[in-house]
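K.L.:
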Amino acid sequence: MRHPFCTLLLSVVLTLAAAFPALALNQWTVMLYLVSDDNESTSMVESHLETINALAPKAGVAGEYEVVVMIDAPKGYTLVSKAKNPSGGFLLEPGTNGKWNIAEELGEVNMGSPANLWRFLKWATTKHPGRQTALVIAGHGSGIFSWRGTGGVNSADPGAVDFDPGRFVGYDDTDNDCLTVFEIRAVLEAARDRLNGGRPLDVLIFDSCLPGCIEALYQLRDCGRLLVSSPSTTLIGGMPYAKILRTLAGKLEMGIEEFGQAVAKAYLDRVIEMGGDDEVMGVFRPAEAKTLVGPLDQLAIQLVRAREQKKLSVKNLTTFGGKNRYWDLARILNSLADGATDLSGLDNAEAIKTLAREAAEALKASRVTTWYSGTFAENKIGGLSISWPDKDEYAKWRPFYKALDFAKDTHWDEFIDVWNGLN
Numbered sequence: 033m034r035h036p037f038c039t040l041l042l043s044v045v046l047t048l049a050a051a052f053p054a055l056a057l058n059q060w061t062v063m064l065y066l067v068s069d070d071n072e073s074t075s076m077v078e079s080h081l082e083t084i085n086a087l088a089p090k091a092g093v094a095g096e097y098e099v100v101v102m103i104d105a106p107k108g109y110t111l112v113s114k115a116k117n118p119s120g121g122f123l124l125e126p127g128t129n130g131k132w133n134i135a136e137e138l139g140e141v142n143m144g145s146p147a148n149l150w151r152f153l154k155w156a157t158t159k160h161p162g163r164q165t166a167l168v169i170a171g172h173g174s175g176i177f178s179w180r181g182t183g184g185v186n187s188a189d190p191g192a193v194d195f196d197p198g199r200f201v202g203y204d205d206t207d208n209d210c211l212t213v214f215e216i217r218a219v220l221e222a223a224r225d226r227l228n229g230g231r232p233l234d235v236l237i238f239d240s241c242l243p244g245c246i247e248a249l250y251q252l253r254d255c256g257r258l259l260v261s262s263p264s265t266t267l268i269g270g271m272p273y274a275k276i277l278r279t280l281a282g283k284l285e286m287g288i289e290e291f292g293q294a295v296a297k298a299y300l301d302r303v304i305e306m307g308g309d310d311e312v313m314g315v316f317r318p319a320e321a322k323t324l325v326g327p328l329d330q331l332a333i334q335l336v337r338a339r340e341q342k343k344l345s346v347k348n349l350t351t352f353g354g355k356n357r358y359w360d361l362a363r364i365l366n367s368l369a370d371g372a373t374d375l376s377g378l379d380n381a382e383a384i385k386t387l388a389r390e391a392a393e394a395l396k397a398s399r400v401t402t403w404y405s406g407t408f409a410e411n412k413i414g415g416l417s418i419s420w421p422d423k424d425e426y427a428k429w430r431p432f433y434k435a436l437d438f439a440k441d442t443h444w445d446e447f448i449d450v451w452n453g454l455n
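Here this note's numbering is used: the first residue of the sequence shown is 33, the next is one more, and so on.
(1) Considering only residues of the same chain and omitting the five flanking positions on each side of residue 25, which have a CB-CB separation below 7 Å?
(2) Just grab the DSSP bridge partners of residue 352 for me.
(3) Jot down the residue ranges of each uninterrupted beta strand (DSSP E) in the segment 209–272, minimum 3 residues, whole runs only, in chain order.
(4) What do you reckon, are the CB atoms on residue 329 and residue 414 nearer than 9 Å?
(5) Does residue 53 pass the burial test, meaning 16 or more other C-beta atoms within 10 Å, or should it be called exposed?
(6) Rounded C-beta distance between residue 58 and residue 105? I'm assuming under 8 Å.
(7) Give the C-beta separation of residue 252 and residue 217 to the nearest angstrom, bearing in mind that I take them to be a contact with Cβ-Cβ under 8 Å.
(8) When you compare only the Cα positions, how much space is there between residue 80 and residue 142?
(9) Got a sec, what are the start and stop residues for the beta strand (DSSP E) residue 419 sits in?
(10) Mapping the DSSP letters down to three states, classify residue 302 as helix, strand or coil.
(11) Are the CB atoms of residue 107 and residue 206 within a distance shorter than 9 Å?
(12) Quick one: residues in its chain with C-beta nearer than 6 Å to the C-beta of residue 438, no 5 flanking neighbours on either side, listed in chain order?
(13) CA-CA distance, residue 427 and residue 354?
(14) Tell me the DSSP secondary structure of residue 435 in three-state form.
(15) Taking residue 235 as the reference, give the member of 305, 63, 334 with the closest Cα.
(16) For residue 380, which residues of its own chain have a beta-carbon under 7 Å away from its beta-carbon, when the five flanking residues on both sides are left out?
(17) Here's the rule I'm using: 16 or more other beta-carbon atoms within 10 Å means buried, otherwise exposed. How should residue 69 be labelled?
(18) Which residues in the same chain have their Cβ closer than 7 Å to the Cβ of residue 407, if we skip the five residues on either side of it in sequence?
(19) To the nearest angstrom, how far is the alpha carbon of residue 423 from that of residue 409?
(20) Based on Cα-Cα distance, which residue from 121, 72, 434, 348 lies nearest to residue 192?
(21) Can you give me the Cβ contacts of residue 276 inside the same chain, cut-off strictly under 6 Å, excluding the 5 residues immediately before and after it?
(22) According to DSSP, which residues form a beta bridge with residue 145?
(23) In the DSSP assignment, what are the bridge partners of residue 403?
(24) Roughly how many angstroms separate the alpha carbons of residue 449 and residue 308, rounded to a whole number?
(25) Nearest by alpha-carbon distance to residue 184: which of 453, 386, 431 is it?
(26) So, at 7 Å on beta carbons, what are the nonlocal neighbours of residue 405 in its own chain, with the 5 sequence-adjacent residues on each side left out?
(27) Does the contact criterion of 3 or more C-beta pairs under 8 Å hold for the segment 369–376 versus the segment 258–271?
(28) In whole angstroms, give me the CA-to-CA distance for residue 220 and residue 378.
(29) Per DSSP, what kind of secondary structure is residue 452 in: helix, strand or coil?
(30) Can you tell me whether DSSP reads residue 427 as helix, strand or coil?
(31) Could you check if residue 287 is buried or exposed, using at least 16 other CB atoms within 10 Å of its CB as the buried criterion?
(32) Measure the Cβ-Cβ separation of residue 232 and residue 255 and say whether it is below 9 Å.
(33) What did DSSP end up calling residue 79 once you bin it into helix, strand or coil?
(34) So if DSSP puts residue 63 in a beta bridge, which residue, or which two residues, is it bridged to?
(35) Quick one: using the 10 Å Cβ neighbour count with 16 as the cut-off for buried, is residue 139 buried or exposed?
(36) Can you tell me the Cα-Cα spacing of residue 96 and residue 166, whole angstroms?
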């Protein structure tokens, strides 16, 4: 995540009072999984502490809405001075007098482990159940490619998951780990089947850089009803949690799509206030990705054929993160469909245009809203990326990418192979 222009040093006010039992089913339960363990800068943990302080007086009323938190700090950073391990992890729940209760001191905890995300969801669902639930995973992100830990790009078994519920984001520096999209899906599937009677999580929010991609949307298609995320980099401190909770508290009956739109709009309003530009936050329906992959698969097949006939130059594109790695999917489809890309001489030019239009329509159907600013607004991006790395990077990360469901169920990875001369 990009650092904001200024970050204030804050302290958090907590109590060690005993937790109060949740006697009623909330209309909403919002779960914040705050991965603050960044050894290079204190900006992340300071931002998360600011969030905790701001939320303490309005963390909810049992039976209406509640906010619960799991947080971990960098080694040596004091979160709670009177705790046994001041820089360890904590489970927080609404208390009295505008303060948090520490439900549990966790000690040093690897927030990049799926077991600890599961631990949080199990505790939150048991102690603070809600008719509608939202999970926020906040921390550094790297897009669909994960650099660390089990199943990452450098793993001997990319895509592997070491998680037993019976016993891409979220970088934890102390433990040199992160949550891969494979791990997040495994945990959300376990929560769906073991905690929620087969009902998927209502809203998944990534307060991280670069997770808003078709690969993640498709990977999570059966375990989350709504995904709120950015395909681009995001500002630390940009997500105004207190404002979002005020909106929710004022309309507890709001549905998940209205809530998702409120989150995206609040983020864009906030980062514009902070002086940020070229920002985007998209809201998508993961289940609709099932419809989108069909035309994308057929389009990829036709692009492989086209590449074998001539060298293509796809025009008018938007890339995210400052590298030729993640590209706005809608801009690619529009370039192929509207003639910006020269398809002359190809025997399948019309098929490419038709399939690009079909995929663009399916993309629109999956999108609830996209809020954007700066050149992203000028270019009317779609708000969902697709991976299209350069040869050197893709050659290193190819096994990881091919382990994704999107690669298994489409020919997009074969197109990247051909494009980069790796077939």
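We treat Cβ as the ideally placed atom computed from N, Cα and C, and that holds for glycine.
P.N.:
Looking at the coordinates:
(1) Any answer about residue 25 is impossible in this case: the structure gives the chain only from 33 up to 455.
(2) Taking the sequence shown and counting its residues from 1, one reaches residue 352 at position 320. Note: residue 352 sits in a beta bridge opposite 358.
(3) Taken in chain order, the complete beta strand (DSSP E) segments of 3 residues or longer contained in the segment 209–272 are 209–211, 233–239, 256–261.
(4) The count along the sequence shown starts at 1 and reaches residue 329 at position 297. The count along the sequence shown starts at 1 and reaches residue 414 at position 382. Taking 9 Å as the Cβ cut-off, residue 329 and residue 414 do not qualify as a contacting pair.
(5) Counting from one through the sequence shown, the residue named residue 53 turns up at place 21. For residue 53, the predicted structure reports a pLDDT of 49, less than 50, and the residue's modelled location is therefore unreliable. The matter cannot be settled from this model.
(6) Residue 58 sits at position 26 when you count from the first residue of the sequence shown. Residue 105 sits at position 73 when you count from the first residue of the sequence shown. Actually they are not in contact, since the Cβ atoms of residue 58 and residue 105 sit about 28 Å apart, beyond 8 Å.
(7) Counted from its first residue, the sequence shown places residue 252 at position 220. Counted from its first residue, the sequence shown places residue 217 at position 185. Rounded to the nearest angstrom, the Cβ distance from residue 252 to residue 217 is 6 Å, consistent with a contact under 8 Å.
(8) Looking up residue 80 in the sequence shown gives position 48. Looking up residue 142 in the sequence shown gives position 110. Just so you know, the alpha carbons of residue 80 and residue 142 end up roughly 17 Å apart.
(9) Here residue 419 corresponds to residue number 387 of the sequence shown, with the count starting at 1. First-last of the beta strand (DSSP E) with residue 419: 417–419.
(10) Mapped onto the sequence shown, residue 302 falls at position 270. Helix at residue 302.
(11) Mapped onto the sequence shown, residue 206 falls at position 174. Mapped onto the sequence shown, residue 107 falls at position 75. Cβ distance < 9 Å, so residue 206 and residue 107 count as in contact.
(12) Taking the first residue of the sequence shown as 1, we reach residue 438 at position 406. Result list for residue 438: 247, 250, in chain order.
(13) Within the sequence shown, numbered from 1, the residue matching residue 427 stands at position 395. Within the sequence shown, numbered from 1, the residue matching residue 354 stands at position 322. Each residue's alpha carbon lies about 19 Å from the other.
(14) For the purposes of this step, residue 435 is taken as the residue at position 403 of the sequence shown. It is coil, neither helix nor strand.
(15) Numbered from its first residue, the sequence shown carries residue 235 at position 203. Looking at the Cα atoms, 63 is the closest of the given residues.
(16) Numbered from 1 along the sequence shown, position 348 holds the residue referred to as residue 380. 334, 337, 338, listed in sequence order.
(17) In the sequence shown, counting from the first residue as 1, residue 69 sits at position 37. Buried is the call here.
(18) Within the sequence shown, numbered from 1, the residue matching residue 407 stands at position 375. Closer than 7 Å at Cβ, skipping near neighbours: 310.
(19) Working through the sequence shown from its first residue, we reach residue 423 at position 391. Working through the sequence shown from its first residue, we reach residue 409 at position 377. Their Cα atoms are separated by approximately 30 Å.
(20) The sequence position of residue 192 within the sequence shown is 160, counting from 1. Closest by alpha carbon: 434.
(21) One-based indexing of the sequence shown puts residue 276 at position 244. Contacts found: 295, 298.
(22) Within the sequence shown, residue 145 is the residue found at index 113, counting from 1. Residue 145 is not bridged to any residue.
(23) In the sequence shown, the residue the question calls residue 403 occupies position 371. For residue 403, the beta-bridge partners assigned by DSSP are 313.
(24) The count along the sequence shown starts at 1 and reaches residue 449 at position 417. The count along the sequence shown starts at 1 and reaches residue 308 at position 276. Taking the Cα positions, residue 449 is about 36 Å away from residue 308.
(25) Here residue 184 corresponds to residue number 152 of the sequence shown, with the count starting at 1. Checked all of 453, 386, 431; the closest Cα to residue 184 is 431.
(26) Along the sequence shown, read from residue 1 onward, the residue named residue 405 stands at position 373. Cβ neighbours of residue 405 within its own chain (closer than 7 Å, five residues either side excluded): 300, 304, 309, 310, 311.
(27) Counting C-beta pairs with one atom in each stretch, the segment 369–376 and the segment 258–271 have fewer than three that are closer than 8 Å, which means they do not touch.
(28) For the purposes of this step, residue 220 is taken as residue 188 along the sequence shown, with counting starting at 1. For the purposes of this step, residue 378 is taken as residue 346 along the sequence shown, with counting starting at 1. Within the model, the alpha-carbon separation for residue 220 versus residue 378 is close to 44 Å.
(29) What you label residue 452 is simply residue 420 of the sequence shown in a count that begins at 1. For residue 452, the secondary structure class from DSSP, reduced to helix, strand or coil, is coil.
(30) For the purposes of this step, residue 427 is taken as the residue at position 395 of the sequence shown. In the structure shown, residue 427 sits in a helix (DSSP, three-state: H, G or I).
(31) Numbered from its first residue, the sequence shown carries residue 287 at position 255. By the Cβ-count criterion, residue 287 is exposed, with fewer than 16 other Cβ atoms from all chains shown falling within 10 Å of its own Cβ.
(32) Walking along the sequence shown from the start, residue 232 turns up at place 200. Walking along the sequence shown from the start, residue 255 turns up at place 223. A contact, by the Cβ cut-off of 9 Å.
(33) The residue labelled residue 79 in the question sits at position 47 within the sequence shown. The answer is helix: DSSP assigns residue 79 an H, G or I state.
(34) In the sequence shown, the residue the question calls residue 63 occupies position 31. Answer by DSSP bridge pairing, in chain order: 100, 167.
(35) Sequence index remark: in the sequence shown, residue 139 carries index 107 (1-based). Taking a 10 Å sphere around the C-beta of residue 139, we find fewer than 16 other C-beta atoms and assign the residue as exposed.
(36) Within the sequence shown, the letter at position 64 stands for residue 96. Within the sequence shown, the letter at position 134 stands for residue 166. If I take the Cα positions, the gap works out to 14 Å.
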